[in-house]
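*Asks:* Have a look at the structure that comes next, please.
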Amino acid sequence: ALSFWFTFVALLMVYQSFFIGGGPGSSCTFYPPLSVDGQPELSLDSMILGLHTVGIGSLLGAINFMVTTQNMRSTAVTLDQISMFVCTSYLTSFLLVLS
């Protein structure tokens, strides 16, 4: 549930950045030269903080899915006997945590 709230707060940060000082003036990629020119407003800072918060939320969601997969399956069922969806979701979550 914490990952959902992190995502919700991040969306609010990203949306508010469009209304602070005319929005983040750095294109959609945040590449220089537009992102290094500097803006006196907090719009670009709010956008970057929101994107980092989305990353934290997805990391927490991946950890939650991995822990749920490990703890909620039967002890007689090994990882090679679970369904393909659960196995690929577990591996995707593992790769997200690893990165």
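Counting from 1 along the sequence shown, just add 1 to a position and that's the residue number in our numbering. The beta carbon of each residue, even a glycine, is placed where N, CA and C say it ideally should be.
Along the chain, where does the alpha helix (DSSP H) that runs through TYR91 open and close?
*Replies:* By one-based count along the sequence shown, residue 91 stands at place 90. Where TYR91 is concerned, the enclosing alpha helix (DSSP H) stretches over 85–99.
*Asks:* Assuming ALA11 and GLY58 make a contact with CB atoms under 8 Å, what is their CB distance in whole Å?
*Replies:* In the sequence shown, the residue the question calls residue 11 occupies position 10. In the sequence shown, the residue the question calls residue 58 occupies position 57. The pair is a contact, with the Cβ atoms about 6 Å apart (cut-off 8 Å).
*Asks:* Tell me the start and end of each unbroken beta strand (DSSP E) in the segment 48–85 that is at least 3 residues and wholly inside, in chain order.
*Replies:* Runs found: none.
*Asks:* Contact defined as beta carbons within less than 8 Å: I believe ASN65 pairs with SER4. What is the distance between those atoms, to the nearest angstrom?
*Replies:* By one-based count along the sequence shown, residue 65 stands at place 64. By one-based count along the sequence shown, residue 4 stands at place 3. Rounded, the Cβ-Cβ distance is 6 Å, consistent with contact.
*Asks:* Just mark THR93 as buried or exposed, buried being the case when its beta carbon has 16 or more other beta carbons within 10 Å.
*Replies:* Position 92 of the sequence shown holds residue 93. Label assigned to THR93: exposed.
*Asks:* For the candidate residues ASP81, PHE20 and MET67, whose alpha-carbon lies nearest to that of SER48?
*Replies:* In the sequence shown, the residue the question calls residue 48 occupies position 47. Looking at the sequence shown, residue 48 is not Ser but Met. When each option's Cα is compared against that of MET48, the closest is PHE20.
*Asks:* Return helix, strand or coil for LEU43, following the three-state DSSP convention.
*Replies:* Locating residue 43 in the sequence shown gives position 42, counting from the first residue. Looking at LEU43 - three-state DSSP - the assignment turns out to be coil, as it is neither helix nor strand.
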